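Chains as they are written, first to last, in the numbering used here: chain S, 1 to 129; chain L, 130 to 258.
From the three backbone atoms N, C-alpha and C, an ideal C-beta is built for every residue, glycine too.
Just so it is clear, the structure is predicted and the values come from calculations on it, not from any experiment.
Shown next, in structure tokens, is the structure this report addresses.
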DNA sequence: AACTAAGTTAACGTTAACGTCAACTAGGAG
DNA sequence: CTCCTAGTTGACGTTAACGTTAACTTAGTT
């Protein structure tokens with residue numbers, strides 16, 4: 001085994017330009033887990049798995065989702081549904097999220113058009129040089 | 130003149146499924162103005178102009194923007210820049226917003242693909258009926 | 001040994017975006 | 001006149017998502 005590299009909390013924080021407090025907070029509310037804490041110093045260590053999770057969290061935030069919402073979406077990625085009922089529930093959730101996202105994309109495209117229109121309005125009113 | 134229709138605060142609130150408090154709050158922080166308040170009863174009245182503004186605010190919120198950010202974008206719509214410097218500033222702001230929006234659209238499309246992938250993973254693991 | 005750097009927990013502080021409640025007014029319905 | 005509805009202005013309460021500070025431990029210098 002290639003002895004997977006692990007990160008300290010401040011390494012991870014620097015990586016994503018956030019504070020250590022933020023990472024601890026995400027763990028506090030159960031969105032991250034620090035496996036294998038040093039048994040003596042109690043220091044947290046993170047692997048690539050947690051790094052990926054953190055990346056997903058931050059992407060979600062940039063898109064305007066709340067942490068609870070993001071948590072559900074991550075659970076979608078990581079869930080291993082038992083039974084047809086559970087699978088159906090998850091697929092339904094995915095579908096509703098997909099609709100929400102597509103709606104959001106459409107609204108953003110409209111906003112983009114609006115801004116472009118106004119921008120051009122100002123550009124055309126500029127003095128020709 | 131066609132005597133433009135005006136709305137009461139609760140009419141407007143019902144229209145967008147928000148509370149009256151929210152509308153007063155938006156006025157409080159200067160994102161809405163209630164022109165022509167009844168000089169005796171002090172009741173707010175709104176015209177289509179304010180209705181459109183409110184619509185823009187709520188769209189922005191759904192897209193994950195903060196109220197201050199939305200305020201700047203609305204000012205973009207309503208500004209009447211004097212002088213070349215001011216125009217350049219506004220066009221630069223529009224450009225930066227456009228880039229931000231396009232980035233957000235890309236991220237959302239990636240998120241959409243991700244969710245689709247996971248959804249299909251579950252669908253393919255379902256028992257054929 | 002003394003100091004510094006990086007980490008820990010616990011607890012209180014902060015900001016945005018409203019919710020809630022109290023005390024008041026003005027306009028009708030009966 | 002009395003009651004009800006809809007509105008008003010404060011003012012305090014609430015939640016999410018951290019920031020900040022204190023008091024402590026451990027590891028690595030000097």
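Helix, strand or coil for residue 222(L), going by three-state DSSP, please let me know.
Correct three-state label for residue 222(L): helix.
Please report whether the beta-carbon of residue 14(S) lies at a distance below 8 Å from any beta-carbon of chain L.
With 8 Å as the cut-off, residue 14(S) does not count as an interface residue toward chain L.
Determine the chain S residues that contact residue 134(L) at a beta-carbon separation under 8 Å, and present them in chain order.
Within 8 Å Cβ-Cβ: nothing; residue 134(L) doesn't reach chain S, min ~24 Å.
Checking 8 Å against the spacing of the C-beta atoms, do residue 196(L) and residue 160(L) come in under that value?
Yes. Within cutoff.
Cβ of residue 54(S) less than 8 Å from any chain L Cβ?
Not an interface residue.
By Cβ distance, which residues of its chain are closer than 8 Å to residue 55(S), with the 5 residues on each side in sequence left out?
Closer than 8 Å at the Cβ level, and outside the excluded window around residue 55(S), lie 16.
For residue 236(L) versus residue 108(S), is the C-beta spacing smaller than 8 Å?
No, the Cβ-Cβ distance between residue 236(L) and residue 108(S) is not below 8 Å.
With H, G and I counted as helix, E and B as strand and the rest as coil, what does DSSP make of residue 65(S)?
Three-state DSSP puts residue 65(S) in coil, outside helix and strand.
Please list the partners that residue 220(L) has in chain S, where partner means a Cβ-to-Cβ separation under 9 Å.
What residue 220(L) touches in chain S: 119, 122, 123 and 126.
When Cβ atoms are compared, which residues of the stretch 66-92 of chain S fall closer than 7 Å to chain L?
Cβ contacts with chain L come from 76, 77, 81, 84, 87, 90 and 91.
Can you find a C-beta in chain S that's less than 8 Å from the C-beta of residue 236(L)?
Judged by the 8 Å Cβ criterion, residue 236(L) is in contact with chain S.
Give me, in chain order, the residues of the same chain whose beta-carbon lies closer than 7 Å to that of residue 121(L); leave out the 5 immediate sequence neighbours on both sides.
Here chain L covers residues 130 to 258 and nothing more, so residue 121(L) does not appear.
Using a threshold of 8 Å, state whether the C-beta atoms of residue 174(L) and residue 136(L) are closer than that.
Yes, they are a contact pair.
Indicate whether at least one CB of chain S lies closer than 8 Å to the CB of residue 147(L).
Cβ-Cβ to chain S under 8 Å: no for residue 147(L).
Tell me the DSSP bridge mates of residue 175(L)?
DSSP, once it has assigned bridges, lists 136(L) as partnering residue 175(L).
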